[in-house]
Amino acid sequence: FSLEDPPATTEPDFREGEPIKCVEELRRIIERAESEGVESEALDDIKSRLEELEQEAQKELTITICHAVSGEAVAVVRARPTDKVVAVLREGVLRETGDALVALRFVVDLQVLNENETFEEVGIKDGDRVLVVRSPLRCLTAAFDGTCRVCSLSDGFSKDEAIVAVESGPVLSASLSPCGGHVLAVCSGGDGCVRDSYTGDLEFHLSGWAASAEWSPDGRSIVGASDTGAARIWCASTGRCLQVLSGHSDDVKSASFSPDGSMIVTASADGTAALWEAESGRLVVRLSGHSDIVRSAAFSPDGAWVLTSSMDATARVWNSSSGVCARVLSGHSKALSGAQFSPDGLRALTASFDGTVRVWDTQKGECLQMLPAENNVVNAASFSPDGSSVLVASASESLRLFCADTGECRFTLSGHEDWVRVAAFSPDGMLVASGSYDGTARIWSALDGQCIQMLEGHEGAVVTAAISAC
């Protein structure tokens with residue numbers, strides 16, 4: 025009995041019942057080989073192929089993806105009813121077109137499909153058609169050289185596409201508005217400003233001192249840490265201060281809106297976090313329990329919980345209505361630098377000065393995974409939009425992409441010539457943007473870890489690298 029020339033296992037036509045025949049034939053080959061005591065790499069390959077075909081045979085749905093404008097078929101995919109619909113459709117389009125530098129939105133019955141819904145939940149059946157809408161992606165970068173740049177990824181930093189905005193000192197952070205039309209930048213010295221993202225023209229400065237700033241979900245307001253233990257809410261059209269959130273006894277380290285924009289949570293060096301009404305600026309509840317500086321505070325995706333990280337080496341999960349601490353996430357040996365919820369709110373990620381990133385079950389408070397950072401330094405860590413991966417940038421020239429469930433390193437993204445300062449996923453999770461002390465930003469495929477584009481032009485460390493579909 026020989027496995028030197030196993031039967032061909034080309035991709036079968038699943039609509040003609042071929043997978044069942046292939047599966048049965050491979051099973052017979054494996055059974056005969058094992059009964060005769062055959063052990064070889066070829067047998068292992070056949071077993072792997074059998075497992076792939078068995079999984080493929082379980083896919084009951086055949087879906088056609090069509091261009092929303094022309095109606096032409098772009099790709100045909102097969103899936104199980106329980107598969108995440110957007111992930112399967114996106115992979116099918118990318119496999120056929122190879123164009124990763126565009127945003128893909130999928131539409132059924134005039135409704136844009138949600139990232140976390142399954143085929144079953146959406147109501148897509150075998151033989152259905154789904155429309156795909158393609159739109160360009162833009163990348164915002166900001167650096168210590170005092171500039172912000174916005175470009176179309178398909179063009180890179182070309183003379184026609186790149187917008188350079190010279191700020192009053194090194195840029196500490198920058199973000200695009202929800203509509204993509206404006207850039208919010210905070211510079212050293214407390215200067216915050218908003219510029220047109222297409223022309224680079226200055227629109228206004230934020231009144232008063234700004235140590236940090238972020239947009240409200242609807243883009244109408246801006247909140248950020250200010251001076252003298254306060255946070256401020258600004259009008260996103262004029263820069264006028266709408267509310268001063270006073271109540272902390274030491275510096276405010278972060279300030280963030282709730283998902284619906286009605287509440288704000290602040291983190292302070294006084295060891296507490298606080299919840300405020302965005303409309304009135306009224307203090308609702310103070311979150312007390314940490315024994316050291318609170319570095320960050322953020323709402324869960326549904327707004328029901330708040331996650332704080334502290335220099336006391338713990339993170340805490342709080343009920344946002346009552347202010348009661350529900351979980352203490354304890355296990356790091358040194359202070360935390362940040363924390364965030366997973367997209368479904370069931371897990372949390374913490375980054376620590378002990379050189380590790382941990383993934384936690386927020387319901388039980390248990391550590392699920394411990395991910396090591398290179399050279400024991402975590403510069404950035406985040407969940408992918410679907411929560412399946414964790415991206416870690418550390419004290420090295422590369423990034424690593426881990427499986428959130430197993431902790432296995434999927435890819436190492438190598439190419440920068442100095443430490444990676446910042447990294448983030450694109451909204452659809454297909455791309456990763458990174459910024460480095462080498463003055464460049466890079467765009468990577470999250471599917472295979474390959475560098476797709478290098479963005480040059482900055483003359484200092486890149487501190488913001490973000491991809492937007494707007």
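Mapping the sequence shown onto my numbering, position 354 (from 1) lands on 378, and the numbers just tick up by one.
No residue lacks a Cβ here, since even glycine has one placed at the ideal position from N, Cα and C.
Query raised in the report: Taking Cβ to Cβ, would you say Arg119 is nearer than 8 Å to Val157?
Result: Translated into the one-based positions of the sequence shown, residue 119 becomes position 95. Translated into the one-based positions of the sequence shown, residue 157 becomes position 133. No, the pair does not count as a contact, with Cβ atoms beyond the cut-off.
Query raised in the report: Count the other CB atoms within 10 Å of the CB of Thr464; is the residue buried (16 or more) or exposed (fewer)?
Result: In the sequence shown, counting from the first residue as 1, residue 464 sits at position 440. Thr464 is buried by the Cβ-count criterion.
Query - Limits of the unbroken alpha helix (DSSP H) element including Glu120 - result: Residue numbering aside, residue 120 sits at position 96 when the sequence shown is read from its first letter. Taken as a continuous stretch (DSSP letters only), the alpha helix (DSSP H) holding Glu120 covers 109–121.
Report task. Pull up the distance between the alpha-carbon of Arg340 and that of Cys259, whole angstroms please. Result -> If you number the sequence shown from 1, residue 340 lands on position 316. If you number the sequence shown from 1, residue 259 lands on position 235. When rounded, the distance between both Cα atoms is 31 Å.
Query raised in the report: Sorted by chain position, which residues of the same chain lie with C-beta nearer than 6 Å to Leu266's C-beta, five sequence neighbours on each side aside?
Result: Locating residue 266 in the sequence shown gives position 242, counting from the first residue. For Leu266, where only same-chain residues beyond five positions count, the Cβ hits under 6 Å are Ile257, Cys259.
Query raised in the report: Cβ atoms of Ala293 and Leu269: under 8 Å apart, would you say?
Result: Indexing the sequence shown from 1 puts residue 269 at position 245. Indexing the sequence shown from 1 puts residue 293 at position 269. The answer is no: Cβ separation not under 8 Å.
**Report entry** Glu398 classed as buried or exposed, judged by whether at least 16 other C-beta atoms fall within 10 angstroms
**Finding:** Against the sequence shown, residue 398 aligns to sequence position 374. Buried.
Query - Beta-carbon contacts of Gly453 that lie in its chain and below 7 Å, excluding the five residues immediately before and after - result: In the sequence shown, the residue the question calls residue 453 occupies position 429. Once the five neighbours on either side are set aside, the close Cβ partners of Gly453 are Ser408, Pro409, Asp410, Ala470.
Query raised in the report: Going by C-alpha distance, which of Glu49, Ala234, Thr86 is nearest Leu74?
Result: Along the sequence shown, read from residue 1 onward, the residue named residue 74 stands at position 50. Minimum Cα distance to Leu74 is reached at Glu49.
Query raised in the report: Which class does Leu137 belong to by DSSP, given the choice of helix, strand or coil?
Result: Taking the first residue of the sequence shown as 1, we reach residue 137 at position 113. DSSP places Leu137 in coil when its eight states are reduced to three.
Query raised in the report: By DSSP, does Leu455 sit in helix, in strand, or in coil?
Result: The sequence position of residue 455 within the sequence shown is 431, counting from 1. Three-state DSSP puts Leu455 in a strand.
**Report entry** Per-residue burial, Arg371 [other beta carbons within 10 Å of its own, 16 or more giving buried]
**Finding:** In the sequence shown, residue 371 corresponds to position 347, counting from 1. That one is buried.
Query raised in the report: Looking at C-alpha atoms only, which residue of Glu303, Arg306, Met287, Ser304 is the closest neighbour of Ala321?
Result: Within the sequence shown, the letter at position 297 stands for residue 321. Out of Glu303, Arg306, Met287, Ser304, Met287 has the C-alpha closest to the C-alpha of Ala321.
Report task. Could you spell out where the beta strand (DSSP E) holding Phe168 opens and where it closes? Result -> The residue given as residue 168 occupies position 144 in the sequence shown. Where Phe168 is concerned, there is no enclosing beta strand (DSSP E), given that its DSSP letter is neither H nor E.
**Report entry** Nonlocal neighbours in the same chain, by C-beta distance under 6 Å from Ser492, ignoring five residues either side
**Finding:** Here residue 492 refers to the residue found at position 468 when the sequence shown is read from its first residue. Same-chain partners within the cutoff: Arg162, Leu200, Gly204.
Query raised in the report: Taking DSSP as the reference, what is the three-state secondary structure of Lys358?
Result: Within the sequence shown, numbered from 1, the residue matching residue 358 stands at position 334. If DSSP states are grouped into helix, strand and coil, Lys358 belongs with coil.
Query raised in the report: By Cβ distance, which residues of its chain are closer than 6 Å to Ala404, with the 5 residues on each side in sequence left out?
Result: Residue mapping note: residue 404 aligns to position 380 of the sequence shown, counting from 1. Cβ neighbours of Ala404 beyond the five flanking positions: Ala417, Val446, Ala447.
Report task. Just mark Ala97 as buried or exposed, buried being the case when its beta carbon has 16 or more other beta carbons within 10 Å. Result -> Working through the sequence shown from its first residue, we reach residue 97 at position 73. With fewer than 16 Cβ atoms within 10 Å of its Cβ, Ala97 is classed as exposed.
Query raised in the report: Do Pro160 and Val112 have their C-beta atoms within less than 8 Å of each other?
Result: Position 136 of the sequence shown holds residue 160. Position 88 of the sequence shown holds residue 112. Against a cut-off of 8 Å, the Cβ pair of Val112 and Pro160 comes out as no contact.
**Report entry** Residue span of the alpha helix (DSSP H) that contains Glu144, given as start and end
**Finding:** Counted from its first residue, the sequence shown places residue 144 at position 120. Note, Glu144: alpha helix (DSSP H), 143–146.
**Report entry** Cα-Cα separation, Lys71 to Val289
**Finding:** The residue you call residue 71 lines up with position 47 of the sequence shown. The residue you call residue 289 lines up with position 265 of the sequence shown. Answer to the nearest angstrom: the Cα atoms are 53 Å apart.
Query - Whole-number beta carbon distance between Ala489 and Thr165, since they are thought to touch under 8 Å - result: Here residue 165 is taken as the residue at index 141 of the sequence shown, counted from 1. Here residue 489 is taken as the residue at index 465 of the sequence shown, counted from 1. The Cβ separation is near 5 Å, so the contact holds.
Query raised in the report: Counting along the chain, where does the beta strand (DSSP E) carrying Arg158 start and finish?
Result: Indexing the sequence shown from 1 puts residue 158 at position 134. Arg158 -> beta strand (DSSP E) spans 153–160.
Query raised in the report: With 16 other CB atoms within 10 Å as the buried threshold, where does Gln135 fall?
Result: The residue given as residue 135 occupies position 111 in the sequence shown. Gln135 is exposed by the Cβ-count criterion.
Query raised in the report: Along the chain, where does the beta strand (DSSP E) that runs through His482 open and close?
Result: Here residue 482 refers to the residue found at position 458 of the sequence shown. Taken as a continuous stretch (DSSP letters only), His482 belongs to no beta strand (DSSP E), as it is neither H nor E.
Report task. Tell me where the beta strand (DSSP E) around Trp342 begins and ends. Result -> What you label residue 342 is simply residue 318 of the sequence shown in a count that begins at 1. Element bounds for Trp342: 338–343.
Report task. With distances taken Cα to Cα, identify the nearest neighbour of Asn343 among Gln387, Ala209, Val401, Asp275. Result -> The residue labelled residue 343 in the question sits at position 319 within the sequence shown. For the residues Gln387, Ala209, Val401, Asp275, the minimum Cα distance to Asn343 belongs to Gln387.
Requested in this report: Can you give me the Cβ contacts of Phe426 inside the same chain, cut-off strictly under 6 Å, excluding the 5 residues immediately before and after it?
Outcome: Position 402 of the sequence shown, counting from 1, holds the residue named residue 426. Excluding residues within five positions, the ones whose Cβ falls inside 6 Å are Leu395, Val414, Cys433.
Query raised in the report: Which partner residues does Pro396 have in the DSSP bridge list?
Result: Locating residue 396 in the sequence shown gives position 372, where the first residue counts as 1. Answer is Thr380, bridged to Pro396.
Query raised in the report: Do the CB positions of Phe143 and Leu196 come within less than 8 Å of each other?
Result: Mapped onto the sequence shown, residue 143 falls at position 119. Mapped onto the sequence shown, residue 196 falls at position 172. Not in contact: Phe143 and Leu196 (Cβ atoms no closer than 8 Å).
Query raised in the report: With a Cβ-Cβ cutoff of 8 Å, do Gly213 and Ser236 count as a contact?
Result: Residue mapping note: residue 213 aligns to position 189 of the sequence shown, counting from 1. Residue mapping note: residue 236 aligns to position 212 of the sequence shown, counting from 1. Not closer than 8 Å, so no.
Requested in this report: For Ser273, collect the residues of the same chain with a Cβ closer than 8 Å to its Cβ; drop the 5 residues on either side in sequence, then sort them by chain order.
Outcome: The residue labelled residue 273 in the question sits at position 249 within the sequence shown. The residues are Gly253, Ser292, Asp294.
Report task. Look at the alpha carbon of Leu226 and the alpha carbon of Ala209, and state the distance between them as a whole number of angstroms. Result -> As a working note, residue 226 is residue 202 in the sequence shown. As a working note, residue 209 is residue 185 in the sequence shown. One C-alpha to the other measures close to 11 Å.
**Report entry** Short Cβ contact (8 Å threshold) for Leu423 with Val402
**Finding:** Position 399 of the sequence shown holds residue 423. Position 378 of the sequence shown holds residue 402. No, these two residues do not count as a Cβ contact at 8 Å.
Query raised in the report: So Glu301 is in the beta strand (DSSP E); what residue range does that whole segment cover?
Result: Position 277 of the sequence shown, counting from 1, holds the residue named residue 301. First-last of the beta strand (DSSP E) with Glu301: 296–301.
Report task. Give the single residue among Phe449, Tyr461, Ser324, Ala189 whose Cα lies nearest to the Cα of Arg219. Result -> Stepping through the sequence shown from its first residue, residue 219 is reached at position 195. When only C-alpha atoms are compared, the closest one is Ala189.
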